[in-house]
Amino acid sequence: MDNPIILTVGVYDLIKNHIIRQEVSKEVEGILLKELKKAQQVVRRELPEDVVNIRSSVRVKFHDDGSEEVYNFSIPKKAKKKKKTTSILSPIGLAVAGRRVGDKIRWPFDDGEKTIEILRVERSS
């Protein structure tokens, strides 16, 4: 997690408020605060295409078991299982928000630490 993450101003604020409301573990809070301090904030039109954001479809690989999953990220109130969307404030969303294709992240989940690699990011309008 050496490269600074790139976040839209809106997603930056969502994550910061999520931390303030103490909705993450102390471990995740520490990681996020460190990441937010050095994060690059941009307006949405300046966000590079390969950076994870809301309205992104993201394929990730879990290196611990070799599995791959696709997540469609949205703002929390629009995240619905029926629509197959995941909140950017979910554990996986927080792990990959602002990251780019090719990034590998070691992240603490409820069931233990996992190494995730971002394989693909596609933006929807």
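Under our numbering, the residue at position 64 of the sequence shown is numbered 56, and the numbers go up by one with no gaps.
All C-beta atoms, glycine included, are put in the ideal place defined by N, C-alpha and C.
Three or more beta-carbon pairs drawn from the region 60 to 70 and the region 79 to 97 are found closer than 8 Å, and the two stretches are therefore classed as touching. When C-beta atoms of the region 16 to 29 are compared with those of the region 54 to 61, fewer than three pairs fall below 8 Å, so the two segments do not count as touching. Boundaries of the alpha helix (DSSP H) around residue 3: 1 to 12.
Every alpha helix (DSSP H) stretch that sits fully inside the region 18 to 62 and reaches 4 residues is listed by chain position as 18 to 30. In the three-state scheme derived from DSSP, where H, G and I count as helix and E and B as strand, residue 104 is classed as strand. Taking 4 residues as the shortest admissible run, the region 60 to 102 contains the following complete alpha helix (DSSP H) segments, listed from N- to C-terminal end: 83 to 88.
Note on geometry: alpha-carbon atoms of residue 27 and residue 38 lie some 20 Å from one another. Rounded to whole angstroms, the separation of the alpha carbons of residue 75 and residue 16 is 25 Å. Beta-bridge partners of residue 109 (DSSP): 53, 96.
When 36, 92, 29 are compared, the shortest CA-CA separation from residue 3 is found for 36. Straight across, the Cα-Cα distance linking residue 13 with residue 7 is about 10 Å.
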